[in-house]
Structures are given as structure tokens and as C-alpha cells.
Amino acid sequence: MEFETVIGLEIHAQMKTKSKIFCGCSTEFGAPPNTHTCPVCLGMPGSLPVLNKQVVENGIKLALATDSAINRENRFARKNYFYPDLPKGYQISQFELPIAEHGQLEIEIDGQKKTIGITRAHMEEDAGKLIHDELEPKSYVDLNRTGTPLLEIVSEPDLRSPEEAVAYLKKLHGIVRYLDICDGNMQEGSFRCDANISLRPKGQEELGTRTELKNMNSFRNVQLALEYEERRQRDVLLDGGEVIQSTLLWNPDTNRTESMRGKEEAHDYRYFPDPDLVPVHIDEDWIERVRGDLPELAGERKQRFMDDMGLPEDVAATLTSSRDLADFFEQVCVDYDNPKKVSNFISTELLREYSPEQINDCPVTATQLAALLQMVEKNTISGKIAKTVFADMLQSGDDPEKIVKDKGLVQMSDEGELVAIVREIIAANPDQAQQFRDGKTKVMGFFVGQLMQKTKGKANPQLANKLFAQELK
102 MEFETVIGLE IHAQMKTKSK IFCGCSTEFG APPNTHTCPV CLGMPGSLPV LNKQVVENGI
162 KLALATDSAI NRENRFARKN YFYPDLPKGY QISQFELPIA EHGQLEIEID GQKKTIGITR
222 AHMEEDAGKL IHDELEPKSY VDLNRTGTPL LEIVSEPDLR SPEEAVAYLK KLHGIVRYLD
282 ICDGNMQEGS FRCDANISLR PKGQEELGTR TELKNMNSFR NVQLALEYEE RRQRDVLLDG
342 GEVIQSTLLW NPDTNRTESM RGKEEAHDYR YFPDPDLVPV HIDEDWIERV RGDLPELAGE
402 RKQRFMDDMG LPEDVAATLT SSRDLADFFE QVCVDYDNPK KVSNFISTEL LREYSPEQIN
462 DCPVTATQLA ALLQMVEKNT ISGKIAKTVF ADMLQSGDDP EKIVKDKGLV QMSDEGELVA
522 IVREIIAANP DQAQQFRDGK TKVMGFFVGQ LMQKTKGKAN PQLANKLFAQ ELK
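Residue numbers for the sequence shown follow the working numbering, so the first one is 102 and each next one is one higher.
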């Protein structure tokens, strides 16, 4: 029997705001436990929440970027459940009237494009964090994260493979980073994913029994967990068994899913409108103001790099995979207007040391990289020397002009100076010289290599080829 995989994702994107969603406490990561708290986020009697306007604007931005319908009136509800990291005994979220619904994202797998529906996106507050003692039967609670603003983005069950799920996840990750509404740091929990997966016989309309994979914090773990669960459910069904609806955790140490708890058909969260928060009204003027502030997104930028700069699709895709990298690339091109050479150097040298997301950690500025490439253009240094200088710039942060001057790396372009070395190399290698005269022109690479070795890479390669061709005749 052949099965079809059905996957839906619930993504929690932590908003990039200075303060929490309903109080003025800081959202800074890494503070000592329970230092970023107040009576509001701790749910003390008599305290009242006040909505952070920036969270609403972030929600509008996401809605516009995903072609979602914005509910002009949306409201907050109380989602009631009890857990030690939830001090109020309920979470303020949105239920029947979320900020956005009915959106879509386009993904691409092996050149095939597919549209994935987005059911809804809603604003809510995050819970705290439990820390379990490995040596004693104790748990500690850190409520710094309590009240941190989240956007939960729920996809339609349109994904048909783990590869599609990861492509969708990466696309959404890029969008929230481009919009600058979430830093996307999966290791810190700023962007995390729950996945629902089920299998059904091919051709069947009714969905199979699903399992839910909770709180996965890397693209690799999402793919591995879904692949494992896909295999596990298929084996259960082929053996005549039934998949049990449950909530699972992915264990990266054993590469297996582990049961977190059984799950009924639905939780009774007893949602009701939060009496302390009035409905949120979003008018057209507000939406248009936010629309005017939207940055150029990755897809649009990629197409512009291809159309206006003549870059190949794969190179344009790499350069726009992160907003910071795309900004860096364009800043270099302002001072050195040769997009193809800039993109080649970034792809081969810079991205060898830094991922697109780490580009702001690079000590070399766009201005410095442009100056380095201009030195190659003016034949001040060779392309090979440029790579050596760039490696030094990564270590020291110095300007390329200073490094070239201090280390005496200026390219040798004096014909009289080089011709003597060229004649010396030809005289020392008569066999190779005769091979060249006999028509084996590939031996030119040998001669140029000898010259580069003697000049420590400083010889002008174009001039070197010209001089060897002259002298060998």
C-alpha cells in the first residue's frame, strides 16, 4: 500500500521588541533568572495588561508579506491551562479573531514551485521556562521569558514531505528576518516549530491520525524528526497497527522521537475574551503606513539582482538568503560597481568563513572589501594576493592598503624587472620550452607558476603570460 504524508506546521516567532507584549519589562535574552519580571507578567492580583503597539505593527507586516487577510477588528482571549511556568494559570492569546488569516507562501523544491496556505497568524504571550536539575529531583522556573511577544503562524496541512516542510520553514524564517520583526535565533528559542504529521492511503481524502512534534529548534532537527516519524508511522500502518495520537519530542542524541504525553482529540482550553483588553481596531491608514515601511523581500530582491545585475539565479539566491548579506553585497557595489566580481569574491572567500546569517560578525566592512577589489582592478595587487590580504583583513580588521604597504605586496608590473626573471626560468627549463614551441601551449601554466613562486605571487599574471609568449618564440 502506498501512503501520502500530510504535514502542517505551527511556528512561534518571538517578536523583536525591547519590551514585553503587555508590560514594560525587557525582552533581552540571557539575563539572570527572574530579573525581567513585574506584577503584570507575573499575573499579580490587581495588575492590568497594556498592549505593546509594536507587536501589532509586526503582525501587520507579516500579514502583508504573506498575502494574508488582516482582521480590522481582532481581540485577545484567555487560553486556560495550568503549568508551573505559566504564573497566571492562563495565556493571553487570540482565538476566534486573530490578527491575520488565509495567507500563502510559495516554496520551491527541485525547481518545482508550490503554494502553501497559511491558516492564521495570531499574537500571544510566551510562557516561562523550566530548568530541571540533572542531579536532584528538582525543577527551577525562570519567568524572564513570560510575556515575551510571539506571533504564532499556523500553516494549512498542505505539506507533503519533510523536504517541503523545511523549505516552508526556511522561507518563513527568511521573511521574519527580512521584516526585522524576529531575530530568527533558533538556538535561543526565538524561532521554534511544532509539526503535525499523519499518513493516509494515497487517494483518500480523510486525514490519518496525527502525532505532534514539539519545540524543534533547528532546520536539521525538523527534517530528521519528520523523516523518522514518517518511517515509524508507515511501519505501524503496514503491520496492521494504528497510529496513536500523541505529543512527541525529538531526541537528537538517539535520533528518535519520544512520547511526551498522550493527546485527546482536542484540548478544552475554555477560551473566552480577555476582559482586561479591549478589541484591537486596525484602520486602512495604519495598514498603509506599515506597507510603506516594508523592506524589499528576498524574492523581489533576488529577481532584481538577476534582472539588473545579470547574476545567475543560484548566486542571487545565495546573496538574498539573508537580508544582512544582501545589504552588505549592495554596499560593496556602491563603491565598486562590478556586481559579478563582487558576488564571486563574496561567494568564494567571505562565505567560506561566515554564513549568510553571521555576516554582521565579519570584521571586514563593505567599504574595505570594495577597496580591496579596486586594488585588483588597478593591478596594484593580483587576484591571488587579494585572497591573502583578505585573510589578513579578517584577522586584523586593517584596511587593505595598509596591509599591502606593510607587507610589500604591491604587484610587479614593471616589464624590465620581470623579463630578466622570465628568461632565467626559460633557460632553466629547456624541455618545457621546447614543448611550448612544439605546440603544447598548456605548458604556459608551468612557466607562470614558476614566476609566481619566484616573485612570491606578486607578478602581474597578464604581463607574465605576455612576456613568456614573447621570449619562448
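Where a beta carbon is used, it is the ideal one built from N, C-alpha and C, also for glycine.
Check                                                                                                                                                                : Outcome
What does Y241 pair with, by DSSP beta-bridge criteria?                                                                                                              : I232
Find out if the Cβ-Cβ distance for the pair D186, G131 is shorter than 8 Å.                                                                                          : no
Can you look up V511 in the DSSP assignment and give me helix, strand or coil?                                                                                       : coil
Name the residue from T449, S448, E385 and I504 whose alpha carbon lies nearest to the alpha carbon of Q469.                                                         : I504
Thinking F199 and A166 are a contact (beta carbons under 8 Å), I'd like their distance in whole angstroms, please.                                                   : Residue identity check: residue 199 is Pro in the sequence provided, not Phe. Actually they do not touch by this definition, with Cβ atoms about 16 Å apart.
Assuming A467 and Q432 are in contact, meaning their beta carbons sit under 8 Å apart, how far apart are those beta carbons, in whole angstroms?                     : 4 Å
For the region 367 to 387 and the region 171 to 188, state whether three or more C-beta atom pairs, one from each stretch, are separated by less than 8 Å.           : yes
To the nearest angstrom, report how far apart A521 and D499 are at their CA atoms.                                                                                   : 35 Å
Between R246, G160 and G109, which lies nearest to G218 when the distance is taken from Cα to Cα?                                                                    : G109
Apart from the five residues just before and just after G147, which ones in its own chain have a Cβ nearer than 8 Å to its Cβ?                                       : P140
Leaving out five residues before and five after L395 in sequence, what residues of the same chain have Cβ atoms less than 8 Å from its Cβ?                           : K162, L165, A166 and L280
Quick check on this structure: which residue in A528, T489, G517 and E525 has the alpha carbon closest to the alpha carbon of G509?                                  : T489
For the candidate residues F491, A201, R301 and I122, whose alpha-carbon lies nearest to that of S343?                                                               : With the sequence shown as reference, residue 343 is identified as Glu, and Ser is not the correct amino acid for it. Comparing Cα positions, the closest option is R301.
Taking only three categories from DSSP, how would you classify M102?                                                                                                 : coil
If you run the structure through DSSP and keep just helix, strand and coil, what is L252?                                                                            : strand
Would F373 and R179 be called neighbours here (beta carbons separated by less than 8 Å)?                                                                             : yes
Pairs of beta-carbons, one from the region 441 to 454 and one from the region 414 to 429, closer than 8 Å: are there three or more?                                  : yes
Is E74 helix, strand or coil by DSSP?                                                                                                                                : No answer is possible for residue 74: it lies beyond the span of the chain, which begins at 102 and ends at 574.
Any heavy atom of the ligand PLP within a distance shorter than 7 Å of the CB on Y455?                                                                               : This structure lacks the ligand PLP; in fact it carries no ligand of any kind.
Please report the Cβ distance between N245 and P134, rounded to the nearest whole angstrom; I am assuming they are in contact, meaning their Cβ atoms lie under 8 Å. : 6 Å
Compute the beta-carbon to beta-carbon distance between N561 and N439, rounded to the nearest angstrom, for a pair I have assumed lies under 8 Å.                    : The pair is not a contact, with the Cβ atoms about 19 Å apart (cut-off 8 Å).
Select from E458, E502, P258 and S483 the residue whose C-alpha is nearest the C-alpha of T556.                                                                      : S483
Got a sec? Which residues, its chain only, sit under 8 Å from G62 by beta carbon, not counting five neighbours each side?                                            : In the structure as shown, the chain begins at 102 and stops at 574. Residue 62 is therefore absent and cannot be evaluated.
From Q535 to L552, what does the alpha carbon distance come to, in whole angstroms?                                                                                  : 18 Å
Looking only at DSSP bridge pairs, what is H113 linked to?                                                                                                           : E253 and R293
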